DNA sequence: ATGCCTATACTCCATATTGGAGTAACCATA
DNA sequence: TATGGTTACTCCAATATGGAGTATAGGCAT
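Chains as they are written, first to last, in the numbering used here: chain A, 231 to 454; chain B, 231 to 454.
Below is the structure:
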């Protein structure tokens with residue numbers, strides 16, 4: 231066992247810092263707490279719990295329901311210290327997986343219906359997650375969230391999540407409206423004109439002068 | 231060699247569909263074309279090129295510069311057909327990695343400066359990527375992008391990318407303003423009040439009645 | 001009391017993926 | 001001719017993933 235902690239380790243450790251959990255609970259609740267900002271497989275959680283325990287960063291207490299054991303883990307002093315040290319290290323940048331966009335790229339090979347279907351799916355996924363975010367919002371307003379004592383911090387996260395999802399949802403809506411007025415997905419002068427117009431109005435600064443050298447994009451992202 | 235294609239395979243195949251590339255070019259240019267919506271390691275690209283070639287979905291032509299060989303790959307009929315079929319299959323949902331948010335969760339264990347530093351980093355990363363997006367925008371306006379003939383499609387992607395980055399940037403800015411007025415990161419009645427007020431005004435619907443059962447969040451996401 | 005279904009609580013493993021190290025030729029400059 | 005950078009990859013140890021498998025508990029119908 232390597233004792234190099236990964237971001238997944240810190241995600242689990244951070245969750246245990248909130249209050250004690252059993253591995254099973256962590257697996258279930260990760261969806262509410264870090265799944266959407268740091269996806270990790272179930273088996274990864276179980277593995278991390280063992281590692282953290284072996285390293286003395288969390289400690290377990292056994293409980294029994296009949297013969298079935300379950301261990302509830304709490305964070306230790308060392309664990310807190312490790313989190314504190316981690317807070318001083320550089321962050322890995324935001325990154326995403328968005329398969330739908332790859333499909334948009336090759337959409338002209340398929341049908342308009344397929345593109346519309348993909349976009350509707352994106353919209354539906356965003357709406358599902360927004361529904362979930364709405365529930366979390368309500369939990370906080372009702373004062374019943376597990377991290378209620380940390381509202382002032384968690385509010386920052388819920389804000390992020392909701393802003394992002396609204397952006398995705400609005401984009402899908404906007405694009406659907408655009409695609410709906412197309413007859414097909416073939417290139418056309420009309421579409422090209424509209425596309426360029428759209429690009430021209432995008433809210434971002436363009437570089438001062440035309441680029442001679444194609445400048446390097448921002449450096450790559452790594453997951454550790 | 232398994233011939234089950236992964237999303238990374240389709241990403242590469244979609245890129246080769248644009249125009250012929252050598253593996254090295256694909257690796258370099260992936261940053262411009264799919265890195266931000268489907269991250270993949272360099273070695274993964276080389277591996278996929280080999281697989282796709284072995285499966286007859288792309289075909290390579292050898293070129294020489296002195297003794298150094300390079301192979302330029304183009305998509306085949308079969309390759310296009312495979313992409314077409316793919317367009318008819320279900321999409322995997324959007325997902326992201328955002329380590330900074332995990333740090334926000336445990337921020338009270340550290341200092342205000344550390345939190346501010348993390349948020350500034352998020353902002354800087356977003357601004358870097360926005361600069362890159364601005365360059366892409368300019369390329370299209372100048373008519374010199376490699377996918378210029380697909381502006382009407384690519385405009386949809388650039389729109390997404392810029393909207394999302396602006397959202398992230400604006401969030402970081404907003405949160406920095408909030409955090410700046412705090413004296414420390416300890417819980418306080420004042421902070422709790424502000425947090426709840428913030429949550430109350432978040433742009434998302436809350437469920438009609440208070441939840442008795444904690445409903446299940448949207449289903450999980452898998453990468454294939 | 002017995003069987004059956006579902007939830008709890010994990011372990012195990014074959015396969016896939018990653019980052020990085022290594023190899024080697026080419027090219028410009030000093 | 002040395003040397004440093006770019007092109008153009010290959011290879012691999014370490015890690016991560018999804019899914020299958022194991023086993024107990026509790027509720028409910030018969």
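We treat Cβ as the ideally placed atom computed from N, Cα and C, and that holds for glycine.
As the structure is a computational prediction, the values presented were derived from the model and not from experiment.
Which residues in chain B sit within 8 angstroms of residue i, going by Cβ to Cβ distance?
i, result
"residue 287 of chain A", "Here the premise fails: no neighbours, minimum Cβ distance about 13 angstroms."
"residue 283 of chain A", "The premise fails here: residue 283 of chain A is roughly 19 angstroms from chain B at the closest Cβ pair, so nothing lies under 8 angstroms."
"residue 291 of chain A", "In chain order: nothing, as chain B lies at least about 22 angstroms away."
If we define contact as Cβ-Cβ less than 9 angstroms, is residue i a contact residue for chain B?
i, result
"residue 273 of chain A", "no"
"residue 277 of chain A", "no"
"residue 256 of chain A", "no"
"residue 235 of chain A", "no"
"residue 407 of chain A", "no"
"residue 294 of chain A", "no"
Which residues bound the beta strand (DSSP E) around residue i?
i, result
"residue 298 of chain A", "298–305"
"residue 364 of chain B", "Note, residue 364 of chain B: premise wrong, no beta strand (DSSP E); alpha helix (DSSP H) at 342–372."
"residue 290 of chain A", "288–295"
Within 9 angstroms (strictly less), CB to CB, does residue i reach chain A?
i, result
"residue 435 of chain B", "yes"
"residue 303 of chain B", "no"
"residue 411 of chain B", "no"
"residue 267 of chain B", "yes"
"residue 231 of chain B", "Because residue 231 of chain B sits at a pLDDT of 48, beneath the cut-off of 50, its placement in the model cannot be relied upon, and the following sentence gives the value as read from the coordinates. Not one chain A Cβ lies under 9 angstroms of residue 231 of chain B."
"residue 463 of chain B", "For residue 463 of chain B there is no data in the structure shown, the boundaries of chain B being 231 and 454."
"residue 280 of chain B", "no"
"residue 240 of chain B", "yes"
Enumerate in chain order the residues of its own chain whose CB-to-CB distance from residue i is below 6 angstroms, with the five nearest sequence positions on each side excluded.
i, result
"residue 316 of chain B", "240"
"residue 457 of chain A", "The structure shown does not extend to residue 457 of chain A, since chain A is modelled only from 231 to 454, so the question has no answer here."
"residue 427 of chain B", "none"
In chain order, what residues of the same chain lie with their CB nearer than 8 angstroms to the CB of residue i, ignoring the 5 residues before and after it?
i, result
"residue 247 of chain A", "305, 309, 310 and 313"
"residue 367 of chain B", "388 and 392"
"residue 370 of chain A", "378, 381, 384, 385 and 388"
"residue 254 of chain A", "300"
"residue 357 of chain A", "399"
Using a Cβ cut-off of 9 angstroms, pull out every chain A residue sitting near residue i, in sequence order please.
i, result
"residue 425 of chain B", "370, 380, 381, 382, 383, 384, 385 and 386"
"residue 249 of chain B", "Simply none; closest approach about 13 angstroms."
"residue 352 of chain B", "321, 323 and 324"
"residue 318 of chain B", "340, 341, 344 and 347"
Which residues in the same chain as residue i place their Cβ atom closer than 7 angstroms to its Cβ, once the five residues preceding and following it in sequence are excluded?
i, result
"residue 452 of chain B", "Residue confidence is low: residue 452 of chain B scores 43 on pLDDT, short of 50, so the model does not pin down where it sits. Its coordinate-derived value is still stated next. These residues qualify, in order along the chain: 322."
"residue 292 of chain B", "299 and 301"
"residue 256 of chain A", "242, 245, 275 and 279"
"residue 431 of chain A", "none"
"residue 414 of chain B", "342"
Can you tell me whether residue i is buried or exposed? The criterion is at least 16 other CB atoms within 10 Å of its CB, across all chains shown.
i, result
"residue 389 of chain A", "buried"
"residue 405 of chain A", "buried"
"residue 363 of chain B", "buried"
"residue 419 of chain B", "exposed"
"residue 374 of chain B", "exposed"
"residue 327 of chain A", "buried"
"residue 416 of chain A", "exposed"
"residue 411 of chain A", "exposed"
"residue 355 of chain A", "buried"
"residue 425 of chain A", "buried"
"residue 436 of chain B", "buried"
"residue 421 of chain B", "buried"
"residue 407 of chain A", "exposed"
"residue 303 of chain A", "buried"
Please list the terminal residues of the continuous alpha helix (DSSP H) segment that includes residue i.
i, result
"residue 275 of chain B", "272–284"
"residue 405 of chain B", "381–410"
"residue 429 of chain A", "419–430"
"residue 263 of chain B", "253–263"
"residue 331 of chain A", "329–335"
"residue 240 of chain A", "237–248"
What residues from chain A crowd round residue i, counting only those whose CB sits closer than 7 angstroms?
i, result
"residue 334 of chain B", "383, 386 and 387"
"residue 244 of chain B", "332, 335 and 336"
"residue 422 of chain B", "381 and 382"
Which chain B residues sit within Cβ distance under 9 angstroms of residue i?
i, result
"residue 393 of chain A", "397, 398, 400, 401, 404, 432 and 433"
"residue 360 of chain A", "434 and 435"
Please list the partners that residue i has in chain B, where partner means a Cβ-to-Cβ separation under 7 angstroms.
i, result
"residue 306 of chain A", "Under the 7 angstroms cutoff, chain B gives no residues; its nearest Cβ is about 13 angstroms from residue 306 of chain A."
"residue 299 of chain A", "None at all; the shortest Cβ gap to chain B is about 25 angstroms."
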